[in-house]
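Student:
Chains as they are written, first to last, in the working numbering: chain S, 550 to 978; chain X, 259 to 420.
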């Protein structure tokens with residue numbers, strides 16, 4: 550018997566999930582801008598609600614345009630199934646809440662994105678879910694923090710804003726030794742640069758707002774499961790016992806290797822309500838079509854910018870994992886060999902005041918709090934996102950007063966370098 | 259030969275599911291939450307004639323239930339098995355005796371020797387796959403809920419019996 554052909558990543562970016570529309574033969578995935586779907590009969594409705602047949606009921610639960618985005622992300626991550634949600638924060642929230650209840654515990658990297666840090670350290674804490682934040686670089690630190698009630702290990706492939714690269718395989722071993730899944734925020738690399746499932750991760754989440762959408766138009770998020778985690782290992786009765794949250798369904802028995810996604814969809818997304826708009830799904834699909842070519846250029850431009858800044862007299866230090874000599878260079882060579890994504894940071898001579906002047910002096914680089922846009926973005930965390938902190942607190946959070954973060958875009962490289970150089974000179978006045 | 263040689267590539271599964279009309283389900287449970295009932299009800303709703311085979315019941319899913327395959331008084335295209343692997347040898351004999359074209363062994367119902375004998379005897383064999391999941395993967399359903407169907411095509415999905 551012949552094996553099915555394995556399609557390449559670029560082909561999947563254009564085609565996965567998107568057969569021509571079954572109703573109209575439209576080659577582009579249509580925007581199914583509808584809240585609801587008719588039932589053919591009372592029996593059909595009952596079958597749908599019982600999950601005995603697959604079909605759409607209400608766009609808060611599923612939508613044909615969004616389903617294409619979900620399947621495409623599952624294919625790109627080489628996973629079993631995807632679930633789209635309204636933002637990256639909705640993705641981490643729903644992905645975690647699917648597995649956690651009061652009294653449970655999370656082990657997570659200390660270098661998390663600020664929003665995720667708040668989720669674990671403030672929002673979840675209010676409901677009796679505790680998190681231990683550990684040295685992101687040391688698998689032994691994760692192992693030491695595991696408790697009997699730990700249900701998940703959580704980290705980022707590339708951390709934000711420290712731009713540290715995770716030893717995914719090392720941390721996956723720690724999680725699996727404890728019988729819990731490793732959940733990875735893979736936003737910065739995208740699956741083009743790194744597929745965490747290849748290294749043992751079990752669940753991947755994304756802020757699709759960043760490189761996936763790629764053009765700064767759309768807030769969105771997605772959760773993907775590998776389909777390989779053994780949910781019947783005794784630690785996850787919510788996966789194996791009848792669900793009080795949905796008609797007594799046993800999610801793992803009924804849906805097998807996509808049972809986690811179905812549980813996240815029906816117990817969490819259905820109730821919490823953070824569904825992705827079909828129009829946003831369309832925009833994200835459009836972005837993903839060109840993901841590989843964009844990421845190659847983001848990486849090439851970021852490396853060139855990093856090399857330029859290393860030699861610049863007004864720059865104290867540069868952090869980019871793709872730069873030889875960076876503390877994370879070896880891990881980057883292993884986990885993101887095609888390139889270390891588009892985000893880098895550097896220290897400006899003159900500290901916080903010079904940083905603020907630099908930001909005000911850029912001509913076309915955009916001062917805003919996003920990353921992964923086609924346009925080059927720049928922010929000075931100490932005077933914006935982290936300005937409420939003391940200098941000591943900023944340093945503890947990995948945000949030095951002189952630190953400028955760049956998300957390198959797709960403009961002409963010489964123009965990016967020109968704007969950086971002129972703004973660096975303005976910053977010293 | 260290993261189990262992968264019997265899981266079926268996409269064209270094989272499309273042909274097997276596309277050609278079958280009558281499916282005898284061996285080990286079909288009457289309990290609606292059991293996987294066998296879930297799968298058979300799904301196939302029934304998608305236009306297949308389901309013939310239950312289980313010595314415990316007289317009727318399942320509104321169809322007369324038979325004690326074994328040889329009792330079925332009409333032609334059967336596919337035999338779908340929800341039994342433990344040890345029960346397979348007589349099921350294979352009966353499948354051949356009634357002239358069914360396909361022997362489909364559900365997820366976990368794995369016996370390489372039986373599968374090889376069945377194929378050598380001219381049967382189409384699919385092993386370690388769920389008939390409902392594969393139908394929903396290839397003819398519509400799983401793609402509604404974000405499952406990676408691995409179907410890449412510039413042709414519309416052939417929705418059958420639906």
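Note that CB positions come from ideal geometry on N, CA and C, so glycine has one too. Keep in mind it's a predicted model, so treat the numbers as computed, not measured.
Count the other C-beta atoms from every protein chain shown that fall within 10 angstroms of the C-beta of residue 259 of chain X, then say buried if there are 16 or more, exposed otherwise.
Tutor: exposed
Student: Output, in sequence order along the chain, the residues in the stretch 387-418 of chain X whose CB is closer than 9 Å to any CB in chain S.
Tutor: 388, 391, 394, 398, 399, 400, 401, 402, 403, 404, 405, 406, 407, 408, 409, 410, 411, 412, 413, 414, 415 and 417
Student: Using the C-alpha atoms, what's the distance from residue 827 of chain S back to residue 847 of chain S?
Tutor: 27 Å
Student: Pair every Cβ in the stretch 693-702 of chain S with every Cβ in the stretch 717-734 of chain S, then say whether three or more of these pairs are closer than 8 Å.
Tutor: yes
Student: Quick one: using the 10 Å Cβ neighbour count with 16 as the cut-off for buried, is residue 907 of chain S buried or exposed?
Tutor: buried
Student: From this set, X:359, X:269, X:262 and X:387, which residue's C-alpha is nearest residue 376 of chain X's C-alpha?
Tutor: X:359
Student: Are the beta-carbon atoms belonging to residue 754 of chain S and residue 889 of chain S less than 8 Å from one another?
Tutor: no
Student: Indicate whether at least one CB of chain S lies closer than 8 Å to the CB of residue 303 of chain X.
Tutor: True, the Cβ-Cβ gap to chain S drops below 8 Å.
Student: Apart from the five residues just before and just after residue 595 of chain S, which ones in its own chain have a Cβ nearer than 6 Å to its Cβ?
Tutor: Taking C-beta separations shorter than 6 Å and ignoring five residues to either side along the sequence, residue 595 of chain S has no partners in its chain.
Student: At which residues does the alpha helix (DSSP H) containing residue 666 of chain S begin and terminate?
Tutor: Where residue 666 of chain S is concerned, the enclosing alpha helix (DSSP H) stretches over 663-667.
Student: Threshold first: 3 residues or longer. Then list the beta strand (DSSP E) segments lying entirely within the stretch 329-386 of chain X, N to C.
Tutor: 336-339, 360-363 and 382-385
Student: Apart from the five residues just before and just after residue 419 of chain X, which ones in its own chain have a Cβ nearer than 6 Å to its Cβ?
Tutor: A caution first: residue 419 of chain X carries a pLDDT of 46, below 50, which makes its placement in the model too unreliable to give a value.
Student: Less than 8 Å between CB atoms is the rule here; does residue 836 of chain S satisfy it with respect to chain X?
Tutor: no
Student: Could you name the residues that DSSP lists as bridge partners for residue 703 of chain S?
Tutor: Bridge partners of residue 703 of chain S: S:657 and S:732.
Student: Whose Cβ in chain X lies nearer than 7 Å to the Cβ of residue 601 of chain S?
Tutor: 296, 299 and 300
Student: Taking only beta-carbon positions, decide if residue 596 of chain S is within less than 8 Å of chain X.
Tutor: For residue 596 of chain S, the nearest CB of chain X lies under 8 Å from its own CB, placing it at the interface with that chain.
Student: Touching or not, the stretch 593-609 of chain S and the stretch 651-663 of chain S, by the rule of three or more beta carbon pairs under 8 Å?
Tutor: no
Student: Just checking, does the stretch 772-784 of chain S make contact with the stretch 743-759 of chain S on the three C-beta pairs under 8 Å criterion?
Tutor: Result yes; three or more Cβ-Cβ pairs closer than 8 Å.
Student: Could you pull out every unbroken beta strand (DSSP E) segment of at least 3 residues lying fully inside the stretch 731-779 of chain S, listed in chain order?
Tutor: 731-734, 752-756 and 770-774, all fully within the stretch 731-779 of chain S.
Student: Against chain X, with Cβ distances strictly below 8 Å, would residue 569 of chain S count as a contact?
Tutor: Residue contact with chain X for residue 569 of chain S: present (Cβ-Cβ distance below 8 Å to some residue of chain X).
Student: Just the Cα atoms here: how many angstroms apart are residue 909 of chain S and residue 622 of chain S?
Tutor: 38 Å
Student: Should residue 740 of chain S and residue 626 of chain S be called a contact, given that it needs their Cβ atoms to be closer than 8 Å?
Tutor: yes
Student: Less than 8 Å between CB atoms is the rule here; does residue 281 of chain X satisfy it with respect to chain S?
Tutor: no
Student: What do you reckon, are the CB atoms on residue 709 of chain S and residue 685 of chain S nearer than 8 Å?
Tutor: With respect to the 8 Å criterion, residue 709 of chain S and residue 685 of chain S are not classified as neighbours on the basis of their beta carbons.
Student: Per DSSP, residue 607 of chain S is paired with what?
Tutor: S:585
Student: Report yes if the CB atom of residue 271 of chain X is closer than 8 Å to the CB atom of residue 392 of chain X, and no otherwise.
Tutor: yes
Student: From the DSSP output, in three-state form, read off residue 896 of chain S for me.
Tutor: Looking at residue 896 of chain S - three-state DSSP - the assignment turns out to be strand.
Student: Just to make sure I have the definition right: I need the residues of chain S whose C-beta is within less than 9 Å of the C-beta of residue 310 of chain X. Which are they?
Tutor: Under the 9 Å cutoff, chain S gives no residues; its nearest Cβ is about 17 Å from residue 310 of chain X.
Student: Along chain S, which residues have their Cβ under 7 Å away from the Cβ of residue 268 of chain X?
Tutor: 553
Student: Which of the three DSSP states is assigned to residue 602 of chain S in this structure?
Tutor: coil
Student: Do we get a CB-CB distance below 8 Å when we pair residue 616 of chain S with the residues of chain X?
Tutor: yes
Student: Leaving out five residues on either side along the sequence, give the residues of the same chain with a beta carbon under 8 Å from the beta carbon of residue 289 of chain X.
Tutor: 295
Student: Determine, for residue 564 of chain S, whether the minimum Cβ-Cβ distance to residues of chain X falls below 8 Å.
Tutor: With 8 Å as the cut-off, residue 564 of chain S counts as an interface residue toward chain X.
Student: Residues bridged to residue 507 of chain S by DSSP?
Tutor: Outside the modelled stretch of chain S, which goes from 550 to 978, sits residue 507 of chain S, for which no answer is possible.
Student: Run through chain X and tell me which residues come within less than 7 Å of residue 560 of chain S, C-beta to C-beta.
Tutor: 410
Student: With a cut-off of 8 Å, does the C-beta of residue 619 of chain S fall near any C-beta of chain X?
Tutor: yes
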